[in-house]
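A.B. asks:
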Amino acid sequence: MMLKTYNMLVNLNRRATAPIASTPAHFHLRKPGLQIRRTAAMAPAAAGKTLVSFDVDGTLIRSRGVSANKLHKDAYAQAFKEIFNLDTHIDVIQHHGSTDPLIAIMVLEHHGISKEDALKKMPQLNECMIKYYLEYAKTRAGEGLEKLAGVEELLKALKAHPDAVSCLVTGNLEPIGWAKMEALGLLGLFSEPRFGGFGTDFCSGDTAETWKDRTELVRFAAHKGRVALKLDGENGAPLGDLASLAGSNEGLDKGWSSRVHVGDTPMDIKAALAAGAKALGVATGVFSKEQLEACAPGNPNLVVVESFENTAATLAAMGLSPSKVAAN
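In this text, residue positions in the sequence shown follow my numbering: the first is 336, and each later residue adds one.
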């Protein structure tokens, strides 16, 4: 059940704050009783492992047909109508690589609603989107979506790899991102307890350089994973306010031997490199291999592949030994 997915999300106090003028741009969706008590069984030792974070849309899955990503788009439309009394949809703007909240701001600005007003009501808009999405997720979450070639095999290999930990870093609101994974049979292939960086975690309001918000999500995932897996002396206590961790790469590598962020847009690549991670671009979205390579020509921390169809080659591109999967 998708509602069960939502209720089982690990709450690591992902609150983030970033002001636009005098308007607070923070938001955090929380339901009473969502925090899960962590036990030693839930948090296997993972010190020194490689953290691999994945974007969702265009990277792990793609939209297809006349119903492409329809439930997600319908959730936006419902929220625009309910919160702003506005009949519109997200395709009135270009939104590839942006986070869900920034997409909402751009749509609202397109219709003459100020960024400040959009930010004030962002928590309500997010909550409305999540409520609508999860209400219909059981039957519609996979509508107009399909997993990309090689993705399932790659995630299985990562889960079986003794040196790897996998998570999501996506502009999707957290329950929506995980619901998509569940609908396409991928949810159980990520490391547990599940964690990551999500559109629910942070919104600066900066629609000019949207990749910067994604940078914070890459950072937050490293911190959240360290806490969730109790690395580097962590005891599993919640992180507290993520705002204090924004804008800095300090401490991101604690507990990790390496960090790799995987995505299909230039925004993913810029975000990964800015957050001190290696970037693995994949040309399965709207950007070509050449366009992704042009984001940081000659940078040894950027590798671009055409697809994930060659699992061994993809693992090697992440700096992981393919032979360890079979040996394990």
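Where a beta carbon is used, it is the ideal one built from N, C-alpha and C, also for glycine.
DSSP three-state label for Arg365, please.
C.D. replies: Note that Arg365 has pLDDT 35, beneath the 50 cutoff, so the model's placement of it is unreliable and no number is given.
A.B. asks: If I measure Cβ to Cβ from Gly432 and keep anything under 6 Å in the same chain, skipping five residues before and after, which residues do I get?
C.D. replies: Thr600, Met602.
A.B. asks: Classify Ala614 as helix, strand or coil using the three-state DSSP reduction.
C.D. replies: Reduced to three states, the DSSP call for Ala614 is strand.
A.B. asks: Could you give the DSSP three-state label for Ser658: helix, strand or coil?
C.D. replies: DSSP places Ser658 in helix when its eight states are reduced to three.
A.B. asks: Distance check for Lys605 and Met441, CA to CA, integer angstroms please.
C.D. replies: Their Cα atoms are separated by approximately 20 Å.
A.B. asks: Compute the beta-carbon to beta-carbon distance between Thr394 and Val597, rounded to the nearest angstrom, for a pair I have assumed lies under 8 Å.
C.D. replies: So it is a contact: roughly 6 Å between Cβ atoms.
A.B. asks: Would you identify the three-state DSSP class for Thr374, choosing helix, strand or coil?
C.D. replies: The predicted model places Thr374 with a pLDDT of 29, which falls under 50 and marks its position as unreliable, so this point remains unresolved.
A.B. asks: Under 6 Å Cβ to Cβ from Ala647, same chain only, skipping five residues before and after it: list those, please.
C.D. replies: The answer, listed in chain order, is Pro657.
A.B. asks: Can you tell me which residues form a DSSP beta bridge with Val640?
C.D. replies: DSSP output for Val640 lists Val617 as bridge partner(s).
A.B. asks: Looking at chain B, is there any beta carbon in it that lies within less than 8 Å of the beta carbon of Thr646?
C.D. replies: No chain B is present in this structure, which holds just one protein chain.
A.B. asks: How many whole angstroms separate the CB atoms of Ala641 and Lys624, which I take to be in contact at a CB cut-off of 8 Å?
C.D. replies: Checking the sequence shown, residue 641 turns out to be Glu, not Ala. So it is a contact: roughly 6 Å between Cβ atoms.
A.B. asks: Under 8 Å between the Cβ atoms of Ile418 and Cys463?
C.D. replies: Going by C-beta atoms, Ile418 is nearer than 8 Å to Cys463.
A.B. asks: Do you know offhand how far Cys630's Cα is from Phe622's?
C.D. replies: Approximately 11 Å, taken between the alpha carbons.
A.B. asks: Please go through the same chain and pick out, in chain order, the residues whose beta-carbon is closer than 8 Å to the beta-carbon of Asp567, but skip the five residues on each side of it.
C.D. replies: Same-chain partners within the cutoff: Ala382, Arg561, Lys589, Gly590.
A.B. asks: Classify Leu386 as helix, strand or coil using the three-state DSSP reduction.
C.D. replies: Three-state DSSP puts Leu386 in a strand.
A.B. asks: Tell me Glu481's beta-bridge partners as DSSP assigns them.
C.D. replies: Paired residues: Arg397.
A.B. asks: Quick check: what's the CA-CA separation for Ala484 versus Leu490?
C.D. replies: Spanning the two alpha carbons is a distance of roughly 12 Å.
A.B. asks: Classify Asp392 as helix, strand or coil using the three-state DSSP reduction.
C.D. replies: Three-state DSSP puts Asp392 in a strand.
A.B. asks: Just to check my reading of the structure: Ala610 and Thr545 have Cβ atoms closer than 8 Å, yes? What is that Cβ distance to the nearest angstrom?
C.D. replies: About 15 Å; that fails the 8 Å criterion.
A.B. asks: For Leu406 versus Ala439, is the C-beta distance shorter than 8 Å?
C.D. replies: Their beta carbons are not under 8 Å apart, which means Leu406 does not touch Ala439 by this criterion.
A.B. asks: Which one of Trp513, Asp548, Glu628, Met653 has the shortest CA to CA distance from Ala472?
C.D. replies: Nearest C-alpha to Ala472: Trp513.
A.B. asks: Could you tell me how far apart the beta carbons of Ala492 and Val660 are, in whole angstroms, since I believe they sit closer than 8 Å?
C.D. replies: With 8 Å as the limit, Ala492 and Val660 qualify as a contact, their Cβ atoms being about 5 Å apart.
A.B. asks: Identify which residue in Pro436, Thr474, Leu522 has its Cα closest to the Cα of Lys494.
C.D. replies: The residue with the shortest Cα to Cα distance from Lys494 is Leu522.
A.B. asks: Between Ser583 and the rest of its own chain, which residues show a CB-CB distance below 7 Å, the 5 nearest in sequence each way excluded?
C.D. replies: Result list for Ser583: empty, nothing under 7 Å.
A.B. asks: DSSP state of Gly568, grouped into three classes?
C.D. replies: In this structure, Gly568 counts as coil in the three-state DSSP scheme.
A.B. asks: Extract the residue ranges of the alpha helix (DSSP H) inside the region 490 to 575, only unbroken runs of 4 or more that lie entirely within it.
C.D. replies: If we require 4 residues or more, the alpha helix (DSSP H) runs fully inside the region 490 to 575 come out as 509 to 518, 546 to 563.
A.B. asks: For Ser579, which three-state DSSP category applies?
C.D. replies: Here Ser579 sits in helix by DSSP.
A.B. asks: Between the Cα of Cys538 and the Cα atoms of Val401, His424, Glu527, Lys456, which residue gives the shortest distance?
C.D. replies: Closest by alpha carbon: Lys456.
A.B. asks: Could you check where the alpha helix (DSSP H) with Val442 kicks off and where it finishes?
C.D. replies: Note, Val442: alpha helix (DSSP H), 435 to 445.
A.B. asks: If I follow the unbroken alpha helix (DSSP H) through His407, where does it start and stop?
C.D. replies: Note, His407: alpha helix (DSSP H), 405 to 419.
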